[in-house]
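Its first residue numbered 1, the sequence shown is counted upward by one per residue in full-length UniProt numbering.
Every residue gets a Cβ at the ideal spot worked out from N, C-alpha and C, and that includes glycine.
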Amino acid sequence: MLVNSAVITGKGADTAKGRSTQEVDQIRTLLQARFDDLNAEYEEAVAENQRLRLVEIGDAAGDDQADSGSKTAERDAATSLLRTLLDRRTQAEIAMQRLDEGTYGNCENCSNPIPVERLEVFPSATTCVHCKANRERRAG
């Protein structure tokens with residue numbers, strides 16, 4: 001994967017200096033493609049959500065409690081999907097900003113390099129595994 005050869009360890013601006021223009025362009029292309037995919041998926045989900053709402057408005061006559069419950073569950077699932085897609089799209093956008101700032105690939109908490117394996121799985125990662133685990137322990 002492109003991230004594998006493009007991430008060079010270091011901190012902050014030093015990392016940006018350690019990357020060639022070609023490597024930064026490869027990462028940016030990868031992140032932009034991810035953003036574009038998520039944006040298209042989000043726009044499609046918004047359109048589908050609108051269609052569901054229009055059908056729901058026009059088809060509410062004679063609904064019993066089970067029908068209303070089903071529609072509420074569908075609406076909740078659609079809203080949850082929209083929120084998830086919007087969050088993921090925002091994460092990709094933030095990753096591109098971090099790339100421009102020269103901080104992409106470094107933990108936002110400790111500034112240590114994020115392992116390449118983590119970035120391959122989750123290119124929008126902003127924390128190393130250790131800091132992420134600490135954050136989750138405190139939250140849970």
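From residue i to residue j, what does the alpha carbon distance come to, in whole angstroms?
i, j, result
"residue 31", "residue 95", "7 Å"
"residue 98", "residue 104", "5 Å"
"residue 29", "residue 51", "33 Å"
"residue 27", "residue 100", "11 Å"
"residue 128", "residue 41", "28 Å"
"residue 133", "residue 126", "13 Å"
"residue 143", "residue 80", "Since the first residue shown for the chain is 1 and the last is 140, residue 143 is missing from the structure and cannot be characterised."
So, helix, strand or coil for residue i, using DSSP?
i, result
"residue 106", "strand"
Residue i and residue j: beta carbons closer than 8 Å?
i, j, result
"residue 121", "residue 82", "no"
"residue 74", "residue 35", "no"
Measuring CA to CA, which of the options is closest to residue i?
i, options, result
"residue 23", "139, 102, 138 and 136", "102"
"residue 111", "85, 70 and 131", "131"
Below 8 Å CB to CB, which residues in the same chain sit around residue i once its five sequence neighbours on both sides are set aside?
i, result
"residue 20", "none"
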